[in-house]
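Peer 1: Numbering (UniProt numbering), first residue to last: 1 to 425.
Note that CB positions come from ideal geometry on N, CA and C, so glycine has one too.
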């Protein structure tokens, strides 16, 4: 075949291969694509592995968080089996043995003191449920049913610190027949004020004045607050009023106070003690005439009208002193040189559990003073003392007659033998 042209095989291959020969740019692009694929695969793998692991870990962690939260909810509002459980952890109250303290068991007292007295500060309190039902449970949930009283008492208290202390005081004196009025210090923290005002919302026989006062250590505006509280209570049916300050602790039961009011009839108890001259106006007329104590002075001897009274206590107690204070029983100056608790506040011995036996045997009506950041256990034990009926006996007629001329006058008037001017103070 003459017309057939043959081509060498290697020449054919070289010509066709030139059409498919990969350029340098194609190689670079493929390398990038492969690299991106591998990187993407690696990222997906890591994401899948991490997510799967996270789900497993988070599942366990979430379950643990839920369990912890459930425990915290239970711990936040404690399941109180005893009154003190509302205000303290069980680990704190393990050495609080009120029955032993009331028997003056020195071993128990020393054990309690050495392990640390129960103290409460406003920034170290347990959360309290502040709905009305919860407050009622704390106040009188563990008390027996209330019986009607012969005489109702009005409790008038100036308060400025730690709601928990005031709540325990209220629990100690609570009775639906009694009336309670509080005046608050405007410098008190908002939590204290809000909690106190909740009492006004929850109880018809509790009043918290809207007006707030600027109290100070010298007693300024204490009497004003007391009188304005008394004014608010005038339309209530009560026989006697007891004026109290923040740390005053009543040590007689509501029943005993009602009985004492019945015994006193229409008489009132006031007294005076030594005071500091920088706490009152020494230039003022401190005679009965100058103070306008009497509505009708025409029949009063001049030597009585113009006899200068010796002011013997701080400013706010010139008018409303409380001679039934426990510390006045044996210490007219209010100073105890042998303070068992080894703690003085404004020269007064602060009560600790060391005094519980004496308090339980005292005929006095109230004790001054107890302080929540020194020994809250004393307050808790006095409540337990009152609940169990282990308080001291009320003052009797002989004691009242020997200490208060106004009571002697009432007795003499009652039996028809009263002669004006025959009463000696």
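When DSSP builds the beta bridges, which residues end up paired with residue 225?
Peer 2: On the chain shown, residue 225 is found 225 positions in, with the first residue counted as 1. Beta-bridge pairing links residue 225 to no other residue.
Peer 1: Just the Cα atoms here: how many angstroms apart are residue 286 and residue 113?
Peer 2: The residue labelled residue 286 in the question sits at position 286 within the chain shown. The residue labelled residue 113 in the question sits at position 113 within the chain shown. Rounded to the nearest angstrom, the two C-alpha atoms are 46 Å apart.
Peer 1: For residue 163, does the three-state DSSP call read helix, strand or coil?
Peer 2: Taking the first residue of the chain shown as 1, we reach residue 163 at position 163. Reduced to three states, the DSSP call for residue 163 is helix.
Peer 1: Enumerate in chain order the residues of its own chain whose CB-to-CB distance from residue 192 is below 6 Å, with the five nearest sequence positions on each side excluded.
Peer 2: Within the chain shown, the letter at position 192 stands for residue 192. For residue 192, where only same-chain residues beyond five positions count, the Cβ hits under 6 Å are 163.
Peer 1: Figure out for me which residue from 368, 355 and 362 has the closest Cα to the Cα of residue 346.
Peer 2: As a first step, residue 346 must be located in the chain shown, where it is residue number 346. Selected option, being the one with the closest Cα: 368.
Peer 1: Rounded C-beta distance between residue 390 and residue 143? I'm assuming under 8 Å.
Peer 2: Taking the first residue of the chain shown as 1, we reach residue 390 at position 390. Taking the first residue of the chain shown as 1, we reach residue 143 at position 143. With a Cβ gap of about 15 Å, residue 390 and residue 143 do not count as contacting.
Peer 1: Do residue 103 and residue 357 have their C-beta atoms closer together than 8 Å?
Peer 2: In the chain shown, the residue the question calls residue 103 occupies position 103. In the chain shown, the residue the question calls residue 357 occupies position 357. Yes. Within cutoff.
Peer 1: Expressed to the nearest angstrom, what Euclidean distance is found between the alpha-carbon atoms of residue 265 and residue 147?
Peer 2: Translated into positions along the chain shown, residue 265 becomes position 265. Translated into positions along the chain shown, residue 147 becomes position 147. Between residue 265 and residue 147, the C-alpha separation is close to 21 Å.
Peer 1: Specify the secondary structure class of residue 96 as computed by DSSP and reduced to three states.
Peer 2: For this step, residue 96 is matched to residue 96 along the chain shown. Residue state, collapsed to three classes: coil.
Peer 1: Considering only residues of the same chain and omitting the five flanking positions on each side of residue 154, which have a CB-CB separation below 6 Å?
Peer 2: In the chain shown, residue 154 corresponds to position 154, counting from 1. So the list reads 179, 233, 238 and 241, once near-sequence residues are dropped.
Peer 1: Considering just the uninterrupted stretch of the beta strand (DSSP E) at residue 181, what are its terminal residues?
Peer 2: Within the chain shown, residue 181 is the residue found at index 181, counting from 1. Looking at the DSSP string, the run of the beta strand (DSSP E) that includes residue 181 is 179 to 185.
Peer 1: Does the region 128 to 135 come into contact with the region 398 to 416, if we say contact requires no fewer than three beta-carbon pairs (one atom in each stretch) closer than 8 Å?
Peer 2: Too few Cβ pairs lie closer than 8 Å, so no.
Peer 1: Considering only the beta carbon of each residue, do residue 247 and residue 370 sit closer than 8 Å?
Peer 2: In the chain shown, counting from the first residue as 1, residue 247 sits at position 247. In the chain shown, counting from the first residue as 1, residue 370 sits at position 370. Contact: yes.
Peer 1: Could you tell me the distance, in whole angstroms, from the CA atom of residue 354 to the CA atom of residue 110?
Peer 2: Mapped onto the chain shown, residue 354 falls at position 354. Mapped onto the chain shown, residue 110 falls at position 110. Roughly 9 Å separates the two Cα atoms.
Peer 1: Kindly indicate which three-state DSSP category residue 355 falls into: helix, strand or coil?
Peer 2: Position 355 of the chain shown, counted from the start, is the residue given in the question as residue 355. DSSP places residue 355 in helix when its eight states are reduced to three.
Peer 1: Kindly list the residues whose CB is nearer than 6 Å to the CB of residue 245, restricted to its own chain and excluding five residues on each side of it in sequence; keep chain order.
Peer 2: Here residue 245 is taken as the residue at index 245 of the chain shown, counted from 1. Only 158 meet the Cβ criterion.
Peer 1: Kindly indicate the opening and closing residues of the alpha helix (DSSP H) around residue 190.
Peer 2: For the purposes of this step, residue 190 is identified with residue 190 of the chain shown, where counting begins at 1. Where residue 190 is concerned, the enclosing alpha helix (DSSP H) stretches over 190 to 202.
Peer 1: Shortest alpha-carbon distance to residue 136 belongs to which of 86, 260 and 301?
Peer 2: The residue labelled residue 136 in the question sits at position 136 within the chain shown. Of the candidates 86, 260 and 301, the one whose C-alpha sits nearest the C-alpha of residue 136 is 86.
Peer 1: Just grab the DSSP bridge partners of residue 249 for me.
Peer 2: In the chain shown, counting from the first residue as 1, residue 249 sits at position 249. Partner(s): 367.
Peer 1: Quick check on DSSP: helix, strand or coil for residue 349?
Peer 2: Locating residue 349 in the chain shown gives position 349, counting from the first residue. Residue 349 falls in the strand class under three-state DSSP.
Peer 1: CA-CA distance, residue 219 and residue 349?
Peer 2: Within the chain shown, residue 219 is the residue found at index 219, counting from 1. Within the chain shown, residue 349 is the residue found at index 349, counting from 1. So the two alpha carbons sit approximately 19 Å from each other.
Peer 1: Once DSSP output is grouped into helix, strand and coil, what is the label at residue 232?
Peer 2: In the chain shown, residue 232 corresponds to position 232, counting from 1. Reduced to three states, the DSSP call for residue 232 is helix.
Peer 1: Given a cut-off of 8 Å, decide if residue 196 and residue 166 are closer than it, judged by their beta-carbon atoms.
Peer 2: By 1-based counting over the chain shown, the position of residue 166 is 166. By 1-based counting over the chain shown, the position of residue 196 is 196. Contact flag set, yes.
Peer 1: So residue 210 is in the beta strand (DSSP E); what residue range does that whole segment cover?
Peer 2: To locate residue 210, count along the chain shown from 1; it is residue 210. Counting along the chain, the beta strand (DSSP E) containing residue 210 begins and ends at 206 to 213.
Peer 1: Let me check one thing: in DSSP terms, what residues is residue 169 bridge-paired to?
Peer 2: Locating residue 169 in the chain shown gives position 169, counting from the first residue. None, per the DSSP bridge assignment.
Peer 1: What does the Cβ neighbour count give for residue 145, buried or exposed, with the cut at 16 atoms within 10 Å?
Peer 2: Translated into positions along the chain shown, residue 145 becomes position 145. So residue 145 counts as exposed.
Peer 1: Measure the CB-CB distance between residue 359 and residue 251 and report whether it falls below 8 Å.
Peer 2: Here residue 359 corresponds to residue number 359 of the chain shown, with the count starting at 1. Here residue 251 corresponds to residue number 251 of the chain shown, with the count starting at 1. In contact: residue 359 and residue 251 (Cβ atoms closer than 8 Å).
Peer 1: Please report how far the alpha carbon of residue 243 lies from the alpha carbon of residue 182, in whole angstroms.
Peer 2: Indexing the chain shown from 1 puts residue 243 at position 243. Indexing the chain shown from 1 puts residue 182 at position 182. Their Cα atoms are separated by approximately 10 Å.
Peer 1: By alpha-carbon positions, which one of 97, 211 and 258 ends up nearest to residue 117?
Peer 2: For the purposes of this step, residue 117 is identified with residue 117 of the chain shown, where counting begins at 1. When only C-alpha atoms are compared, the closest one is 97.
Peer 1: To which residues does DSSP link residue 244 through a beta bridge?
Peer 2: For this step, residue 244 is matched to residue 244 along the chain shown. Looking at the DSSP assignment, residue 244 forms a beta bridge with 157.
Peer 1: Tell me whether residue 260 is buried or exposed, calling it buried when 16 or more other Cβ atoms sit within 10 Å of its Cβ.
Peer 2: The count along the chain shown starts at 1 and reaches residue 260 at position 260. It is buried - the Cβ of residue 260 has at least 16 other Cβ atoms within 10 Å.
Peer 1: Per DSSP, what kind of secondary structure is residue 33 in: helix, strand or coil?
Peer 2: As a first step, residue 33 must be located in the chain shown, where it is residue number 33. It is helical.
Peer 1: Among 161, 205, 375 and 187, whose alpha-carbon lies nearest the alpha-carbon of residue 177?
Peer 2: The count along the chain shown starts at 1 and reaches residue 177 at position 177. Among 161, 205, 375 and 187, the Cα nearest to that of residue 177 belongs to 205.
Peer 1: Would you mind working out which of 352, 407, 95 and 39 sits nearest residue 382, comparing C-alpha positions?
Peer 2: Counted from its first residue, the chain shown places residue 382 at position 382. Of the listed residues, the one whose Cα sits closest to residue 382 is 352.
Peer 1: Give every residue of the same chain whose Cβ lies closer than 6 Å to the Cβ of residue 395, excluding the five residues on either side of it in the sequence, and list them in chain order.
Peer 2: Here residue 395 refers to the residue found at position 395 of the chain shown. For residue 395, where only same-chain residues beyond five positions count, the Cβ hits under 6 Å are 363.
Peer 1: With distance defined between alpha-carbon atoms, name the residue in 156, 253 and 376 nearest to residue 175.
Peer 2: Residue 175 sits at position 175 when you count from the first residue of the chain shown. Nearest C-alpha to residue 175: 253.
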